[in-house]
Amino acid sequence: MIFAKELGDTLRGALGDDERVVLLGEDIADPYGGAFKVTRGLSTAFPQRVRTTPISEGAIAGISAGLALAGYRPIAEVMFGDFLTLMFDQVVNHIAKYQKMYAEQATCPVIIRAATGGHRGYGPTHSQSLEKHFLGVPHLRVVAASLYHDPREVFADFLRRDEPVLYVEHKLLYPQHLTPPVGGRVGDLIATSDNSPGMLPTIRLSAVPAEDCTISVLAYGYQAMLAAQVIERLAIEEEIFAELIVPAQIAPMDWAPVERSVSVTGRLVTIEEGADGWSWGSEAASVISRRLFGRLRQPVDVVASEPTIIPSSKPKEADVLVGSARIEAALRAAHKESR
Amino acid sequence: MSTALAPARDGTDERLTGVPGEPLAHRRYRRMRFIRRFEETLLQLFEEGALNGTTHACIGQEADAVAVTEHLADGDHIFSNHRCHGHYLAHSGDALGLMAEIMGKEAGVCRGLGGSQHICAPGFKSNGVQGGIVPNAAGIALANQLSGNDAVSVVFIGDGTLGEGVVYETLNMAALWKLPLLVVCEDNRWAQSTPIAANLAGDMASRFAAFGVPVREVDSTDVQELSEIAGAEVAAVRSGEGPRVLLIHTYRLCHHSKSDDERPEREIAERWLVEPLVVHGRRLDEADRRRIEDEVETALSEVVATARASA
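Set out below in structure tokens:
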């Protein structure tokens, strides 16, 4: 079943299991069912707790915060992740602060779901991956959807815990089939799962055993899907062996699986679709350089999109955003260094 | 009417929140005097250098807090702003918790983490960012609606907050969904240093009316008059008819924060003649008024001493 349907089923299950779950978002009611159809059918099944809203992102986030403070479990949908900017005050100055500044006398477990990412020609205000602006907000978790993490497990974790979370869903994942590891494999790739205490699992994928890999690749979301295709192709065609590390939670990060992989390979390439500079990859480069300084064989390579607007034109958009070609080039370059 | 009003909370100092059996007029004077002297004491402590950070006093606006909170019951919720001391003290009577909080002590209501503007206690929260608390209060109102109880959510804002866009997003949604939300807008004429004339186009009531939200507008510092109106507004919200606005034109007698006041002296002087304690104080015998003031003074000095000595 495709990711959008699996996610919709996850939300349906959450609404059915827990009276405290409330969904808010623009155009999420039936028959439309949300811009990406994730919530289709839910407002019919749960009319009181699935509410379509006006175009009012600040109030959607702020009302969700109030619901959460009152003991409910709100899930707010952001139609396009670009509009997260309109929620920023609520996230930073309200939602993420309440528990700590009130000395643990309140919790504010808001779940914000945002459809992010480009490659669809939607242009400068409907294609961005703005999550880097939310990384590093104290007491906010940022989690990225991937094909290797079952949304049921991810949402069970969200609903079990009292922290707020931003869940970014790259729109190109919606029509893809989920492929969580089965029997230690994802397709033809070997899969391992690192479960650090209190963290969502990090999935590691490689064509050959991890100890035979010479490059570590760190990626999330849609970029992780592209990277998996690239490492499989390079292994078969060129005997370039890379290990792909796919965290679900991208902030705060569980660095242990990254450290374990880089300890073996000595090389790290990070990949993200957000704009280059002051980014997730920059943070990874900083942390891994500090922790594994003597064992790195080359500087961490941060692959990110051009720091400019995302054009609508297909070829111009492809020039700006990280795609398979950029990922492959980075891995070939890292391989060249390793010889 | 008096028997329907919220009594002093258990465990609070009766000298500050109300002596059992005393006339309602006495209790209201006592509570306003408590808030007034608490904040004047704070300002004094700031001058002594005993406090960290800043504080925003509501001196001159005490009647609003006392009038609204006496109609609230357990289960109701107040969301307040940076100028929250009056609302908090009228609601909880917790002088020691707030004093210790502003002193930065572990004994404070938020262990000193929140300070003057960020308070959390049962049925009460405040935050220092303007506007954003309005959707938060609406969310609590939605929770009440979904739970099927008759609790109300009250949010206190000021005239300056009417500049914030999220207020209007929220009014729209609260009206669409008929949320049990009472917005109390205290128009004290000045947004920090900016007068209404430089701050606000059109008139205030129309802003709420545009969303079909009923507005009750009153220009008063009389706690008795305000209480009657607030009681009716709280009851209407509680009945499930949807959100309402209580728009109170009042005046802030003190500076915005610690020492920032460029307002005309004459304007302020005129307002001291019609401030809530003067207006309501006339209803009390001189002897009763003095006795209440002495009791508040004694109780507050004990609070300050205990807070100073606490960890």
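Chains as they are written, first to last, in UniProt numbering: chain A, 1 to 339; chain B, 1 to 311.
Backbone N, C-alpha and C fix where the C-beta goes; we use that ideal spot for every residue, glycine too.
Within the same chain, Leu200 come within 8 Å of A:Asp157 by CB-CB distance, once the 5 residues on both sides are set aside. The beta carbon of A:Lys100 falls within 8 Å of a beta carbon belonging to chain B, placing the residue at that interface.
A:Pro74: not part of any alpha helix (DSSP H); member of the beta strand (DSSP E) spanning Arg73 to Val78, first to last residue.
For A:Arg297, the closest Cβ of chain B is not nearer than 8 Å. No Cβ of chain B is located within less than 8 Å of the beta carbon of A:Val91. For A:Leu331, there is no enclosing beta strand (DSSP E); the enclosing alpha helix (DSSP H) covers residues Ser324 to Ser338.
DSSP, read as helix, strand or coil, puts B:Pro135 in helix. Pairing A:Ala35 with A:Gln128, the inter-Cα distance amounts to about 16 Å. Within the same chain, Val22 and Pro74 come within 7 Å of A:Leu67 by CB-CB distance, once the 5 residues on both sides are set aside. Residue pairing by DSSP places A:Gln249 opposite A:Val143 in a beta bridge. The beta-bridge partner set that DSSP reports for B:Asp219 consists of B:His249. Look at A:Val22: its C-beta is under 8 Å from a C-beta on chain B. When the beta-carbon positions are compared, A:Ile111 and A:Val165 come within less than 8 Å of each other. In this chain, the alpha helix (DSSP H) harbouring A:Lys5 covers Phe3 to Asp17. Proximity of the stretch 38–46 of chain A to the stretch 147–157 of chain B falls short of the contact definition, fewer than three beta-carbon pairs being nearer than 8 Å. In the structure shown, B:Pro195 adopts extended strand secondary structure according to DSSP, grouped into three states. Of the residues A:Ala70, A:Gln105 and A:Leu86, the one whose Cα lies closest to the Cα of A:Glu77 is A:Leu86.
Interface with chain A (8 Å Cβ-Cβ cutoff): B:Gly114 is included. In this structure, B:Val296 keeps its C-beta atom at 8 Å or more from the C-beta atom of B:Arg27. Around the beta-carbon of B:Arg289, 16 or more other beta-carbon atoms lie within 10 Å, marking it buried. Around the CB of A:Thr125, fewer than 16 other CB atoms lie within 10 Å, so the residue is classed as exposed.
Between B:Phe124 and B:Tyr168, the C-beta spacing is not below 8 Å. For the stretch 45–70 of chain A, the beta-carbon criterion of a distance under 9 Å to any beta-carbon of chain B is satisfied by Gln48, Arg49, Arg51, Thr53, Pro54, Ile55, Ser56, Glu57, Gly58, Ala59, Ile60, Ala61, Gly62, Ile63, Ser64, Ala65, Gly66, Leu67, Ala68, Leu69 and Ala70.
Excluding residues up to 5 positions away in sequence, Phe3, Glu6 and Leu147 lie with their Cβ nearer than 6 Å to the Cβ of A:Leu178 in the same chain.
Measuring C-alpha to C-alpha distances from A:Gly16 to each of A:Arg49, A:Ala284 and A:Ile327 identifies A:Arg49 as the nearest.
For the 8 Å CB-CB criterion, A:Ala65 and B:Asn136 form a contact. With contacts defined by Cβ atoms closer than 8 Å, B:Lys105 and B:Ser301 do not form a contacting pair. Beta bridge pairing from DSSP links A:Gly25 with A:Thr52 and A:Glu77. At a beta-carbon threshold of 7 Å, none of the residues of chain A lie near B:Glu297; the nearest stands roughly 30 Å away.
For A:Tyr167, the enclosing beta strand (DSSP E) has its first and last residue at Val165 to His170.
Separation of the CB atoms of A:Ala144 and A:Tyr220 is rounded to 4 Å, and the pair is thereby assigned contact status at 8 Å. Of the candidates A:Ile55, A:Gln176 and A:Tyr122, the residue whose Cα lies closest to the Cα of A:Lys316 is A:Tyr122. Taking C-beta atoms as the reference points, B:Asp187 and B:Asp159 count as a pair closer than 8 Å. One thing to note: B:Arg207 has its Cβ within 8 Å of the Cβ of B:Leu162.
At a cut-off of 8 Å between C-beta atoms, A:Tyr148 does not count as an interface residue with respect to chain B. When C-beta atoms of the stretch 230–237 of chain B are compared with those of the stretch 32–49 of chain B, fewer than three pairs fall below 8 Å, so the two segments do not count as touching.
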